[in-house]
Each structure stands twice: as structure tokens, then as C-alpha cells.
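Below is one structure, written out as C-alpha cells; comments come after it.
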Amino acid sequence: MKFFLRIVLIILPICLTSCKDKGVGAQENPLFAEWSNPNGMPLLAEIGPQHFAAAIDKALVEHNEEIEAIANNSEPVTYENTALALEESGRRLTDLSALLQLLTENMSGGYVDVAKELLPKVEAHNSRMAQNQPLLKRIIALRRDHNLLSDSLQQRVVANLYRKAVKSGALIDEEGRKRVAEIDSLLMLSSLEYSERVTKAEDEYCMLLGAEQLAGIPVAERNLSKSLAVALGFEERWLYNLSPVSAEALLTTAGQDTLRSQLYEAYINKGLTPEADNRKLAAEMVALRAERAELVGLSTYHQMVAYGEQSQDVGVANRIIDSLRRAMPASLKVSLERLNKINARAKDTTILSAANMLYMQERVRDEYAALTVDDVMPYFSLENVRLGAFWLANRLYGLTFTPLSINSYNYEVSSYSVADYEGSSLGVLLFDPYSRTGKLSGMRTTELMAPRVVGDTLRQGAVVAISASFRHSASQPTTLTTWQARELFGEFGQAIAIFLSDYDLPSLRKWDNDYAALPELVMEQWALRPELLNNYALHYSSGILLDRNVMRKVQVADTLDSKLLFARRLAFADVDRKLHSSATADVTAIVKNGTVAEGIAPLYGEGALMPLFAIGSPEAGRYGDRLWAEIVAADIFYTFSQSGDIFDKAMARRLRTLLEMGGAWDAEVLYRDFKGEDVSYLPWLVGVGFADESILLPPELEEEGEQALGVDEGYRIIRSFGRGDDAPRPNRPTDPTRIPESKVEL
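Residue numbers (the numbering used here): 681 to 1426.
What follows is the structure, encoded as C-alpha cells:
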């Protein structure tokens, strides 16, 4: 899973102070020096964990003073002296907190301990600031009198500030407000502990293979695992640990059943040691989230996350999940029959189980698409995939990327200046692609600096960091699987949306939950298309372009994988929803019941539900919202493909406008401006394997095609959600879980 971190920051130079931090004076602390890297970035190479305590303590005091000044302003309430001032407050604190979180996720050497001390304190502080009662009265005054607001953007800012106050407990009594702040602090501390346990388990586990155990493992994969072993002092050995990239590689290719079973057992049990059992920690976090939601007047945490932040009615995602879960066992019949036929022909005794699922999927690719990992990986070097993402960003959005020479927090981090089509700077991209001890696994995108916009002039661009955990190879460039390449394209999509945003205020940059993953999923739609592969799928050694026949095989293999991969995403969405719809959710029972068909268990264990419980828990209570973003992304690509050119310039300009304005305007309206009509479910149904392409016939031929080619039962069930222009538009309540502001004494 990917972790997506959209933290709104504006980094400003921090003045010198007399504060001391564990023996580090102000003159020695780079966080107090002028931040003189390109785009106003801090001197990342000079920062250590010992520098944060004094800087954050000072920023806490400064933010408190800013809030008090806004709340106690004796002047009449205006948008400028209340909403705008509030949006622009706390920048220094936000800057430092996000920087500490980034370094905690990507580095070892004491950052976790410092984060455990400081980040929970920041969470509690932010809750208290949002609960400020005089400030709440000023926000409500703006909310009630639209004559004080000049346009719909100001109205959106005020509405978002009010929702934030509601979710922070501003409408409840003092005792409740204190408890909410305490819970926020505890949740941050628990998420840090949860992440630390998983990272430690991944780093400490070591499966060393000898040459006689390498049957089935492709050459490219052997080179990567051998480099890891050599780096740790093991000559002529091949090493696998429990990071997703490493473990899933062995589970996909190793020919020995015992190796796959042994590694899978360790993989799903990471984070479950008796002395550090993440199941208990997750149960505590679920209970705290439920208590927090109830305190602020909402029935469940799932409902609290959705409060006022959904483009669709929250019931839409729930109905899709329920319908597809009912349809999935029958719909998977063809996929499972393929696996059983292969076993029967090979007289294989491999059992169709969760431990063997990736291995069996790879055999399906080999059997039905004549495609193996060795056929593909040499053409997907990390460098070429990065260049392919840059090329696509240029064709669709007009962006260019130029290498920068910056000393970053680690020598493996590369930096790029990002410019718009007319040459104006949009900011800086940091790319940290490799795994290392203490680094959180997975891919994620972090906004380190938000763009500063003054009028129509961009004064300072954004700074965005993309982190991944790919393995080094000493004998060749790092190569990726096709799914890794697709996911990396997705992370670049999130970064591009940050660079393109027209707005600098936090409330105008936050997408609705069900559209938040759209920029990522749009880029993924293009990643493996032959028209794009022609520009980056070059052999790392010979430079020869991937053969067109192999490109077609990649497309076939992608189709074969689609339904099984979707089954796992659907199961995870259901687990998330069930965990966050009850105060007493049984983590073990919910995870074990999360499979949608026998043998299709998700590739996670009870102790490593990272998107739901890792640092910041970015997708807790909202993972199912990705389904709607998937539907929209598939429809976007289909709309391009119908034009005859998947890089169509006019359509690309409209797509760019959607990304530029996302967060500031209603996403449904923006989408209709892009396409000229509402979203169609049909391309998505084809993409996830619930219908064949006959479903995309013209309307007058749809029924005939459906009867002739047989659309499966899964599509018949989901038809109730509509198809194209016939789809009933879900009603978006103005305030889906309205809490009366009459509770506040004005």
C-alpha cells in the first residue's frame, strides 16, 4: 500500500534565538539559521535530531501567541483578520513538525525518540488551538454572515475552518475538549510506536538463501537480493527480509514451497511479538478514535473522517464495497479456474493459498501471456521509470525537471528543479528511492513546503519529497517490476498535483477524501501503455526498446492480474470500514474475515496494517474512498483514449485545470468541466475485470453486446449505481452530519 502525506507547509526562515537544545546553542542550530537552500529549503545535511526540541518549543509559543492575537482582536470580524490570519498562522510549527516527521520516516539515528517526545505535544497543541472559544465565535460570525465574504473561495475557507473546529471538539464542554486533545496526542504516539515496531521487524528478519535454493528466482531479482546480503557481510548468499519489496519478490518467484510458506508466515506475523504486539496497539487506537468521534458528536470514526469532506455521499462507497464483496466470489471463478488448470497440467501439488497466491499469479502470467519477470525487469530500471514519469508530466502538464546539486539529509536523495511550460519555477522535488535500516517501507509523497501565492504571481514554489524503499544492486542498475513502476508513476502524480495547485491556503489545497488519490491514479493509468513505454522502456544495458510484442504481453498480463489485485484492495477497504465503524472492533476477527474468496487473503497481517495505523495514519477511515478515485481515473483515461490520442493537448489542458483547482472547488463540478458529462463507471468495471470491453459499445449496441459476450454477475449487481449519463447523481448534503452551532454561547 502506498502512504500518501499531504501536509500543508510553508517554510520560512527562522530567526536566531537564545534557546538551548541539549547543549546545542542557537548559533550552532541549523534550524535557527537562514534557510538558504534553493526555494528556501533548510540546510538538510546539517540537521540532526538534537536540533528539534528547542525549535519546536519556540514555535509552539509563537503559534499560541498568533492564535490569541486573532481570537482577541478587538476589531470587527472580517475575513482578513480572522479566517485569512488563521490560515496563515502556525507556519513555523507546521514546517518543523513535517520536517521531523519526514526524517523520522526516512532516517535512523535517534529521530524516532525525538518524534515520540515532540510530535504528540504538537498534536495536542493543534487541537487546543482549534478549540479556542473566542476564535470559534469569530468563525461562526463569518459563517453566518456571507456579506463578510467576497466570493465562494472565502466561503470555502470559512466552511473548512468551521469543520476543523467541530472535529477538534470546539463545540463541546471544557472537559471533553481536554480529552480530545489528549486522545490526539495518544494517537500520534501510538502511530509512531506502531511504525517503529513494523520497521524493526522488517529490518531484523533475515532469510539467507544458498545457490541451491534459487530455483525459479529470476536473474534480476537474484542480483538485488545478493547485493543486500553482501552489504551485510554475507558472501555468496541471497538475502530476503520482511519489507514488502523484498518479501513479495520471493513470494512471487521462489520455486520451493517451503521457502514461500516460511517467509509468508513471518511476513503476516510481523509486529506480533509477545513484548510488542501491534494487535493490542491497534485495538487501543481504534477505541480511542471511536471515543474521539463520539466526543465531538459523531457516531463513528468513519463518519467523522467523512464529515463535510466527501464529494459523494459516504453511502456510495459503502454500497460499492458491499455489492462487489457479494459479487466477488462468483466473479473470481474464471481467475481461480486458470490457476487450477495450470496446476492440473503441471501435476503440481501447490495449494491455492494466501502464501502461494503471488507465485500462482506469476505462473498465470507465464502461461497465458508468455511473460516472465526476466522478460520485463531489465527494461524497467529505476532511472528509466523516473525519466518516463518526467516525460509524461511534460506531455500532459507541461512540466520540466532539471537536476539540482543539493546536500540533502542522505546522499541517496536526488533533487530536481521543477518548472512550468513557460519556464517559471514551481519548486523543488526530492527523490529518496532506496531502502535502508530504520527507513519506513512503502512509497509516499510528502509536501514539505506549500507554494506561496501573492495575487496571480507565484513567489515561491513547493518542495515535495517522494520516498520509496527499492533495493540497490551492486552489479546492475536497480530494476522494477511492472507494478512497482506503476505505483512510482502514481507517487509522481501526487507530487505534480502539489506543484500545479493554484492556491496557497491550506483550506483551498485539500481535496475531498474521495478525490484525494485522483492525481496518483491518473498517472498510473498511463504508466504501462505502449505509447508511453515507447519513451522509457529501454534495456538498462543495451538501450534497446522493449519489443512491441512484449509490450502487448504486458497489457495482457495486466488484465490477468486486475481482478485479483482489486480483490485485495476491496478486502482492505472493507477491513478499514469495519474497524472504524465500531468502538469495540475485534482487529483479529476483522482481518481474518477480510478475504473475499478462498486463497485471496490480503498481503498484510494483523500487526502491520500500515495505512491505517502508521505515522499519521493517512488512510484510516477513508481507504474505501479510493474506490471513487479509481472510477474517475479510469474514466479520464478512457476519455483520452476515445479521442484517438492519449496525449491529446486540448484534453490535457482541461485535466491540468482540474488539478490546478482541485481542493478549492467542488470536484464534481470540475470533473464535468473536464469531460462535459458525469463520471461513467464502465471503464473502471473493465479495468478491474468485472466486465469485458463489450460493455463500452455505443449505447444502442450495449444490450446486444452484453447478451452476446456475457457480462458477469458482478456488473449486473453494480448496474444499480448507474452508467454514464443515466447515472443518478448522488445528493451531496450541505452538512451530512450537522452539529448545531446553537451549543455555542455567543
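Virtual Cβ for every residue (Gly too), placed ideally from N, Cα, C.
Three-state class that DSSP yields for residue i in the structure shown
i	result
Val860	helix
Glu1386	Because the pLDDT of Glu1386 is 36, which lies under 50, any placement of that residue in the model is unreliable, and the question is left without a value.
Asp1112	strand
Asp701	Low per-residue confidence applies at Asp701: pLDDT is 43, beneath 50, and the placement is therefore not dependable enough to give any value.
Ala850	coil
Ser1094	strand
Ala1142	strand
Pro1083	strand
Gly720	helix
Ser1149	strand
Trp1431	Shown here, the chain extends from 681 to 1426; a query on residue 1431 therefore has no answer.
Ser769	coil
Gly1304	helix
Leu711	coil
Arg1209	coil
Arg836	helix
Arg1132	strand
Alpha-carbon spacing of residue i relative to residue j, whole angstroms
i	j	result
Ala1332	Tyr1284	37 Å
Val985	Leu1250	19 Å
Leu872	Arg824	40 Å
Val860	Ser870	15 Å
Gly1223	Val741	57 Å
Pro1413	Ala970	Any reading at Pro1413 must be qualified, since the residue scores a pLDDT of 31, below 50, and its modelled position is unreliable; the value itself is stated next. If you take the alpha carbons of Pro1413 and Ala970, they lie about 23 Å apart.
Gln1156	Tyr1220	8 Å
Val1234	Leu1208	8 Å
Leu975	Ala850	11 Å
Leu1259	Asp883	28 Å
Thr1239	Leu766	49 Å
Tyr1195	Gly1304	11 Å
Leu711	Thr938	51 Å
Thr1162	Glu1204	11 Å
Ser1104	Glu862	45 Å
Val996	Val1359	13 Å
Asp864	Arg972	8 Å
Leu978	Gly1274	26 Å
Ala1035	Ser923	16 Å
Ser1297	Met965	10 Å
Trp1364	Ala1313	8 Å
Ser1400	Ile1000	Confidence in Ser1400 is poor, its pLDDT being 40 and thus under 50, which makes the residue's placement too unreliable to answer from.
Arg1116	Ser1015	37 Å
Gln1322	Glu760	46 Å
Leu1038	Thr932	5 Å
Ser1181	Asn1214	30 Å
Asp1002	Val1267	19 Å
Residue i - containing beta strand (DSSP E), residue span
i	result
Ile1176	Run containing Ile1176: none in the beta strand (DSSP E); it sits in the alpha helix (DSSP H), 1162-1180.
Met1057	Note, Met1057: premise wrong, no beta strand (DSSP E); not H, not E.
Arg1124	1123-1129
Tyr920	918-920
Leu889	887-889
Cβ-Cβ separation, residue j to residue i (assumed contact under 8 Å), whole Å
i	j	result
Tyr874	Leu961	5 Å
Ala1247	Ala1049	In fact, because the Cβ distance is near 19 Å, the residues do not count as touching under 8 Å.
Leu780	Val794	7 Å
Pro1079	Leu1106	According to the sequence provided, residue 1079 is Leu. The question's Pro does not apply to it. About 7 Å; that satisfies the 8 Å criterion.
His743	Ser769	6 Å
Leu833	Ala1344	6 Å
Leu943	Leu952	So it is not a contact: roughly 15 Å between Cβ atoms.
Leu782	Leu1128	7 Å
Arg843	Gly988	4 Å
Residue i: first and last residue of the uninterrupted alpha helix (DSSP H) it sits in
i	result
Thr758	Careful: Thr758 lies outside any alpha helix (DSSP H) and carries neither H nor E.
Lys1243	1228-1259
Asn744	732-751
Tyr947	937-948
Ala909	899-911
Ile1295	Counting along the chain, Ile1295 falls outside any alpha helix (DSSP H), and DSSP gives it neither H nor E.
Pro1363	1362-1367
Arg823	813-824
Asn806	791-810
Glu928	924-933
Residues that DSSP places opposite residue i in a beta bridge
i	result
Thr1159	Ser1061
Thr953	Ala956
Ser1105	Ala1099
Leu1225	Leu1218
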